[in-house]
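See structure below.
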Amino acid sequence: MSKRLAIVFRMHRIGILLCITLFCLTAAPASVHAQHTVAHSVTVLEQTQTIHYPDSITFTLKVRAPGTTFSTAWISIDSDTSSFQGVEQVTPRTSGDTTVFTLDQKLTKYNMPSVGTTVEYHWELKDSANNSERLPSQKFLVFDNRFPWQSKQEGNIQIKWYNQPDEFGHIALQKAKEAEQRICQSLGTSLTEVITIWIYGNRDDFQKSLPPQISEWVGGVTFWGSHEIMMEAEGIGDLNLESTLPHELTHAIEMNMLQEKVRTPSWFDEGLAVYHERFPRPQYQEIFEQAVKENNLIPLVELDTFPEEELQAELAYAQSWQLVSYLYTKYGADKIRAFLNEMRPGDLSFEEALKKTFGVDITQLENEWHLSLNLPATLTPTPTTKVKETPTAEITPTVQVTPQSTPASEVTPEEPLTQPNILIITGGSAIAVAAFLGIVFLLANQHRLKKKREREWFEQQMVSIFTTSETAGPVCPKCGYQNRIGAKFCRLDGEPLSQSGTSGFTPRPDLPYTHPDRYTVQHPPTQEQLDPHLSLPDQH
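Residues -34 to -1, 1 to 506 in mature numbering (1 follows the signal peptide of the UniProt record, and there is no 0) are what the sequence shown spells out, letter by letter.
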């Protein structure tokens, strides 16, 4: 089955310090200021940066300086992403009065820039007399130059694709614009920056474009700071255009709205993004219901960042989606917009804004949510203890007592430990340690068996999830999304739908789902399984 799971790529959240050296890329070698003259009769003959993406990058500088011998040079690199910065020393090669500086570096997970990064760099030369010459700075945009990219743009949305007809770019742009309008209206904001969406034509091309530390199951990435989205879609009918695209666009719009002034937990970011997908993954509901049944939800404190293991990541996405859906259900879309606007100036932290808007902190929210799912409380109620009354002091007459000496023979001496007592204590300690180790072993074994059962269950779900159904859901007249009978809330404005689930709706059998070859079973997902509407289980 093709993996469509998308995450937000936050370099600073996964602990990666990409410093020391940045190596940048362009589509082809380009000369910059071919005859630029600086002090001391130094003439720049050539200045290029060439990329063999994603393997290596070459920076070249060629200068002429009659009568000057250069001993070394430095290339200093800065970018709009703080991790991609550094200084590298380069040894010159001199022939006559011409000197060439070349930096050829392999790209690794420690120095691979993300697509869309704006890079600024400059050379500084040092001669044998210790004189320095700094050349003017140059700027360029990092992009994957392996493919002949085509481009379309409308407003603040730009689509880039390759090896597909012009119609593909037109439809992808339409879907992105529709998602932008819907998400911005839902969040109460508007885009102020251009978002570029790079659509790779297949899984292999997409994975090779990512930094090596990104998990293989990732299906889309949004880069903080550069306003760039990377995803895959094999054609016009690919479900990723209905799910991954709005998912990543939600991340980009949220970033643009908050401007990185507030650190938000992954469960909120990803839950918000899945909530705004047009067709969330059908198995999310199954995974969540199974976790609720087994009382095996991941604690929110562990979802500040997401797990790397795929099965746990699936549950993390499903759980985050359901929690954000709970917020929309209980408090409504207006409250969500108010919550985001509280964080917008950057004066309040995530939890402070949560407390101000909803009246609960994260632990209280988690507790309320668990109770709504008929799960045990996550918070232990504080017991109320009765305060003892302070007794009133009574005045009593003082009785003089004549002290009497106690005979020494009546004092019982402390009995020393005998050899049998020592053996009993030692043996008891050994038994306690053995019992403790046995309990630890049993718990560890139960944990392994539980994980094995979880994996077996998940594999079974992957085989059985895409089954046929004759249930045809109606379409919401506001947001236009197919939904099953019983859906409760519109995905556009969060307002309640008709109780019957049918009033005012027109069937839409023409809505796309995906190409069936993308799945490991023969049946494509049904309209019921592709329901984007929130329909939580009835609470009793």
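The C-beta atom is built at its ideal place from N, Cα and C for all residues, glycine as well.
Suppose the cutoff is 7 angstroms on Cβ atoms and the five residues either side in sequence are ignored; what does the same chain contact list for residue i look like?
i      : result
Ile302 : Leu293 and Tyr294
Ala284 : Tyr250, Ile253 and Phe254
Pro273 : Ala279 and Ala282
Asn122 : Leu157, Glu159, Val160 and Ile161
Asp476 : Its pLDDT being 36, under 50, Asp476 is placed unreliably in this model, and the coordinates cannot settle the point.
Ala304 : Thr323
Trp233 : Leu266, Leu269, Ser286 and Leu289
Leu306 : Leu153, Gly154 and Met223
Thr216 : Ile149, Leu238, Ala239 and His242
Glu308 : Leu314, Ala319, Lys322 and Thr323
Suppose the cutoff is 8 angstroms on Cβ atoms and the five residues either side in sequence are ignored; what does the same chain contact list for residue i look like?
i    : result
Ser7 : Ala31, Pro32, Gly33 and Thr34
Under a three-way DSSP split, which group does residue i fall into?
i           : result
Met196      : strand
Leu306      : helix
Pro212      : helix
Gln119      : strand
Asp300      : helix
Gly52       : strand
Trp190      : coil
Gln140      : helix
Val295      : Looking at the sequence itself, residue 295 is Thr, so the reference to Val does not match. Note: Thr295 maps to helix in three-state DSSP.
Ser7        : helix
Ala319      : helix
Trp183      : coil
Ala39       : strand
Ser338      : helix
Glu159      : coil
Lys28       : strand
Lys174      : helix
Thr344      : coil
Phe67       : strand
residue 518 : Absent from the model: residue 518. The displayed extent of the chain is -34 to 506, so no value can be given.
Arg169      : helix
Distance check for residue j and residue i, CA to CA, integer angstroms please.
i        : j      : result
Val(-27) : Asn206 : Low per-residue confidence applies at Val(-27): pLDDT is 41, beneath 50, and the placement is therefore not dependable, though the value from the model is reported in the following sentence. Going from the Cα of Val(-27) to the Cα of Asn206 covers about 16 angstroms.
Ser176   : Ala319 : It is worth fixing the name first, because residue 176 is Leu in this sequence and not Ser. Taking the straight line joining both Cα atoms gives about 34 angstroms.
Leu289   : Phe189 : 24 angstroms
Asn129   : Thr344 : 52 angstroms
Pro248   : Thr26  : 51 angstroms
Glu268   : Pro231 : 10 angstroms
Ile264   : Val187 : 23 angstroms
Phe134   : Ala199 : 10 angstroms
Ile165   : Thr60  : 44 angstroms
Ile163   : Thr24  : 26 angstroms
Leu69    : Val53  : 12 angstroms
Asp132   : Thr210 : 21 angstroms
Thr378   : Asn261 : Annotation note: pLDDT 46 at Thr378 (below 50); position unreliable, coordinate value reported separately. Approximately 58 angstroms between the Cα atoms of the pair.
Val108   : Glu317 : 36 angstroms
Asn77    : Phe50  : 7 angstroms
Gln140   : Gly185 : 21 angstroms
Gln256   : Trp335 : 16 angstroms
Asp46    : Met197 : 21 angstroms
Thr14    : Ala218 : 32 angstroms
Leu101   : Asp170 : 40 angstroms
Asp21    : Ala138 : 29 angstroms
Trp115   : Phe106 : 17 angstroms
Quick check on the burial criterion: 16 or more other C-beta atoms within 10 angstroms. Buried or exposed for residue i?
i           : result
Arg244      : buried
Asp93       : buried
Gln55       : exposed
Arg148      : buried
Pro311      : exposed
Asp235      : buried
Asn340      : exposed
Pro342      : exposed
residue 532 : What the structure shows of the chain is the stretch from -34 to 506, and residue 532 is not part of that stretch, so it cannot be assessed.
residue 516 : The question about residue 516 has no answer, for the chain in this structure spans -34 to 506.
Leu73       : buried
residue 533 : Only positions -34 to 506 of the chain appear in this structure, which leaves residue 533 out of reach.
Leu331      : buried
Gln225      : exposed
Which same chain residues end up closer than 6 angstroms to residue i when comparing Cβ atoms and leaving out the 5 residues on each side of it in sequence?
i      : result
Ser181 : Glu274
Gly154 : Arg303
Phe113 : Tyr128
Ser103 : Glu86 and His88
Val66  : Lys28 and Arg59
Ser117 : Lys126
Glu276 : Trp183
Trp40  : Val53, Gln55 and Glu90
Please tell me whether residue i has its Cβ less than 7 angstroms away from any Cβ of chain C.
i      : result
Glu144 : Included in the structure is just one protein chain, with no chain C present.
Consider the C-beta atom of residue i and the heavy atoms of the ligand FAD; say whether any pair is separated by less than 6 angstroms.
i      : result
Trp183 : Among the components of this structure there are no ligands whatsoever, and the ligand FAD is therefore not found.
* Which runs of the alpha helix (DSSP H) fall wholly inside the segment 217 to 286 and span at least 4 residues, in chain order? -> Entirely contained in the segment 217 to 286, the alpha helix (DSSP H) runs reaching 4 residues are, in chain order, 232 to 241 and 249 to 259.
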